[in-house]
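Step one of this worksheet: look at the structure below.
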Amino acid sequence: MIITLEKATSKDARTLHALQVKSFLPLLKKYNDEHTNPACEPLEKTLSRINDPSKEFYKILKDNVLVGGVAIKYTVPEKIFLGPLFIDPDYQNQKIAQETLKLMETAFPDVVFFELATISKEKGNIHLYEKMGYLATGEVKRIVGPFASFDVIFFRKIIKT
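Residues in the sequence shown are numbered consecutively from 264, following this note's numbering.
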């Protein structure tokens, strides 16, 4: 299995958006969160992530097949926020997300730390991030919706000191 990252272009927006919706639909059904779930984001948000100079969007390829995507945002020169990170449900549990995180960390040698977030009840995501060396920051954001409420927790990994 060879995992590669390829910078997305505007031509990739529709395909990435459809894959993002497919990937986050189970969480949308589980938490009924239409305000922050990436499955509910319009195509324009994907285009913004691709075209905004403070952001980048990468296609995740497994053996040259598109299986996911990851967006990054430069919050300050030495810090990158990762997200959303998504893998096609048909390709999950194949260590693709692990390899993606490793590739992201080596692709940006000047970055001091990476940050990301996940829903506090998503133990699989938490296990992945902790396994990859990400530590909970203690920051918690409460999401209150008309049908469900939940906490989003933040993680950080220091790459270099």
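Virtual Cβ for every residue (Gly too), placed ideally from N, Cα, C.
Near residue i, which residues of its chain fall below 8 Å by C-beta distance, leaving aside the five closest residues on each side in sequence?
i, result
"residue 354", "325, 330, 331"
"residue 268", "321, 322, 323, 324, 333, 363, 366, 367, 370"
Could you please give me the residues that DSSP links to residue i through a beta bridge?
i, result
"residue 323", "268, 331"
"residue 318", "336"
Which same chain residues end up closer than 6 Å to residue i when comparing Cβ atoms and leaving out the 5 residues on each side of it in sequence?
i, result
"residue 402", "417"
"residue 392", "418"
"residue 379", "345, 346, 418"
"residue 309", "276, 279, 280"
"residue 335", "319, 343, 345"
"residue 373", "none"
Within its chain, find whatever has a CB closer than 7 Å to the CB of residue i; leave out the 5 residues flanking it on each side and keep chain order.
i, result
"residue 288", "302"
"residue 337", "317, 343"
For residue i, which of helix, strand or coil comes out of DSSP?
i, result
"residue 423", "coil"
Assuming residue i and residue j are in contact, meaning their beta carbons sit under 8 Å apart, how far apart are those beta carbons, in whole angstroms?
i, j, result
"residue 364", "residue 395", "5 Å"
"residue 270", "residue 307", "Residue 270 to residue 307, Cβ: 19 Å. No contact."
"residue 384", "residue 413", "6 Å"
"residue 382", "residue 415", "6 Å"
"residue 375", "residue 420", "Going by Cβ atoms, the distance from residue 375 to residue 420 rounds to 10 Å, so no, they are not a contact pair."
"residue 351", "residue 285", "6 Å"
"residue 295", "residue 377", "The Cβ separation is near 29 Å, so there is no contact."
Closest Cβ-Cβ distance between residue i and chain B: below 8 Å?
i, result
"residue 383", "Absent from the structure is chain B; it holds one protein chain and no more."
**Item:** Minimum length 3: unbroken beta strand (DSSP E) runs contained in the stretch 335-421
**Value:** List check, beta strand (DSSP E) in window: 342-350, 376-382, 398-407, 412-421.
**Complete alpha helix (DSSP H) runs within the stretch 273-319 (minimum length 4 residues, chain order)** = Listed in chain order, the complete alpha helix (DSSP H) runs (minimum 4 residues) inside the stretch 273-319 are 276-294, 306-314.
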